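Some notes on the structure that comes next.
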Amino acid sequence: MSSIIHIAVRTKKAGTEVKFKEKEILGLCHASREILLSQPMLLELQAPVRICGDIHGQYYDLLRLFEIVDAGDNTSSEYDRGYPPAYNYLFLGDYVDRGKNSLETICLLLAYKVLYPENFFLLRGNHEAASINRVYGFYDECKRRHSVKLWKAFTDCFNCLPAAAIVENKIFCCHGGLSPDLANMDTIKNLPRPTDVPDTGLLCDLLWSDPDKDTKFWGNNDRGVSFKFGDEVVSSFLRQNDFDLICRAHQVVEDGYEFFAKRQLVTIFSAPNYCGEFDNAGAMISVDEELMCCFHVIKVCQSFVSWSRSSTNHSDFVPVL
268 MSSIIHIAVR
278 TKKAGTEVKF
288 KEKEILGLCH
298 ASREILLSQP
308 MLLELQAPVR
318 ICGDIHGQYY
328 DLLRLFEIVD
338 AGDNTSSEYD
348 RGYPPAYNYL
358 FLGDYVDRGK
368 NSLETICLLL
378 AYKVLYPENF
388 FLLRGNHEAA
398 SINRVYGFYD
408 ECKRRHSVKL
418 WKAFTDCFNC
428 LPAAAIVENK
438 IFCCHGGLSP
448 DLANMDTIKN
458 LPRPTDVPDT
468 GLLCDLLWSD
478 PDKDTKFWGN
488 NDRGVSFKFG
498 DEVVSSFLRQ
508 NDFDLICRAH
518 QVVEDGYEFF
528 AKRQLVTIFS
538 APNYCGEFDN
548 AGAMISVDEE
558 LMCCFHVIKV
568 CQSFVSWSRS
578 STNHSDFVPV
588 L
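Residue 395 in the working numbering sits at position 128 of the sequence shown, with consecutive numbering throughout.
Spelled out as structure tokens, the structure:
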């Protein structure tokens, strides 16, 4: 796995395809699958942790995220920068499709998962499903560069990814959003694996649903899959589970992050200039030991933004709690 990481990280010229041997990738998929199944469907994580949204095959932007060092951090060397294991990471899904380098992206992420299983975590996105990535680019990339056999190996691996995570019992994380079938956290823990993503139900909603400012409770999703949910649903969910924040991905947002429901939910999207069309920033959240959250924003030039969950105090570094 370290050889895959070395080759992948060494190749930093945008537009360059990283050359992996198919045998190595198949071994990576097998090793990843075993580790994913050894860990729960609902991850319970400790801070500090960095949380990243959609990557969608934008491999060289993924490397930019790993280059970021937290303000005031003097422990990371110039070589390590923000690369694992210098920081703990949680990715919220959608690693493949759309972008040009899905193979590089998913291979690097899975290699880090195998090498640092207790420090590096990957959730499932709606594009980590055969029915979706068969159509939106990943299948074609696997077939062109290697084989359909490799795509099937990734499918077996994706079917083992966890669906959600909770950071310090206070921050609920998933790719898409909430579900009317989400009675409590045990319903997530009891979801079977390995599994494909069904057309309806809890797993589908965790990967597909969206918040909507014009919806108070539940409504039909414009995507034609799952639901959209309103601020009342968010507030009720947080109150019932004693959470402070929902962190999700799944939607392009102009600044790389966007709040909803009086800052009770945040959407994080980590692929800047998505598909070369949206002119959006990408962002990553850093959560420290005291649940203080701040954003790293990447555009053409990187910048740093911090935020407060207090409606009256917008000073830097205000705790979530």
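Note that beta-carbon positions come from the ideal geometry of N, C-alpha and C, so glycine has one too.
This one's a predicted model, so the numbers in the text were calculated from it and none came from an experiment.
Item                                                                                                                                                                                          : Value
Kindly list the residues whose CB is nearer than 7 Å to the CB of Lys566, restricted to its own chain and excluding five residues on each side of it in sequence; keep chain order.           : Pro539 and Ala548
Shortest alpha-carbon distance to Ser369 belongs to which of Leu449, Lys286 and Ser305?                                                                                                       : Lys286
Which residues in the same chain as Glu291 place their Cβ atom closer than 8 Å to its Cβ, once the five residues preceding and following it in sequence are excluded?                         : Ser270 and Ile271
Per DSSP, what kind of secondary structure is Cys471 in: helix, strand or coil?                                                                                                               : helix
Can you tell me whether Gln531 is buried or exposed, with buried defined as 16 or more other CB within 10 angstroms of its CB?                                                                : buried
Below 7 Å between beta carbons: does that hold for Leu390 and His442?                                                                                                                         : yes
Under three-state DSSP, which class holds Ile513?                                                                                                                                             : strand
By DSSP, does Ala275 sit in helix, in strand, or in coil?                                                                                                                                     : helix
Measuring alpha carbon to alpha carbon, tell me which of Leu445, Arg348 and Ala396 ends up nearest Cys427.                                                                                    : Ala396
For the stretch 498-508 and the stretch 457-475, state whether three or more C-beta atom pairs, one from each stretch, are separated by less than 8 Å.                                        : no
Roughly how many angstroms lie between the CA atoms of Asn393 and Gly523, to the nearest whole one?                                                                                           : 19 Å
Looking only at its chain, what residues have a beta carbon closer than 8 Å to the beta carbon of Leu295, apart from the 5 residues adjacent to it on each side?                              : Met268, Ile271, Cys374, Leu377, Ala378 and Val381
Buried or exposed for Val402, going by 16 or more other Cβ atoms inside 10 Å?                                                                                                                 : exposed
If we count the other Cβ atoms within 10 Å of its Cβ and call it buried at 16 or more, is Arg411 buried or exposed?                                                                           : exposed
If we call anything under 7 Å between Cβ atoms a contact, is Met551 one with Leu417?                                                                                                          : no
Output the distance between the C-alpha atoms of Tyr350 and Tyr541, rounded to the nearest integer angstrom.                                                                                  : 23 Å
Please go through the same chain and pick out, in chain order, the residues whose beta-carbon is closer than 8 Å to the beta-carbon of Asp479, but skip the five residues on each side of it. : Gly486, Lys495, Phe496 and Gly497
Runs of 3 residues minimum, wholly inside the stretch 412-480: which ones carry the beta strand (DSSP E) assignment?                                                                          : 431-434 and 438-441
Looking only at its own chain, which residues have a Cβ that is under 8 Å from the Cβ of Ser578, when we skip the five neighbours before and after it?                                        : Summary for Ser578: the model assigns pLDDT 31, below 50, so the residue's position carries little reliability, and this model does not support an answer.
Output the boundary residues of the alpha helix (DSSP H) element that contains Arg300.                                                                                                        : Glu289 to Ser305
Considering only the alpha carbon of each residue, which of Gly543, Glu544, Glu284 and Ile274 lies closest to Cys409?                                                                         : Glu284
Measure the beta-carbon distance from Phe536 to Asp321 and round it to whole angstroms, keeping in mind my assumption that it falls under 8 Å.                                                : 5 Å
Which same chain residues end up closer than 8 Å to Val415 when comparing Cβ atoms and leaving out the 5 residues on each side of it in sequence?                                             : Tyr406 and Cys409
By a C-beta neighbour count over all protein chains shown, 10 Å radius and 16 as the cutoff for buried, is Thr372 buried or exposed?                                                          : buried
For Asp477, is the classification buried or exposed, using 16 other Cβ atoms within 10 angstroms of its Cβ as the cut-off for buried?                                                         : buried
Please name the residue in Glu289, Ile274 and Asp555 whose C-alpha comes closest to that of His413.                                                                                           : Glu289
Hey, would you say Ala430 sits closer than 7 Å to Ile455, going by beta carbons?                                                                                                              : yes
In angstroms with no decimal places, state the Cα-to-Cα distance between Thr422 and Ser553.                                                                                                   : 30 Å
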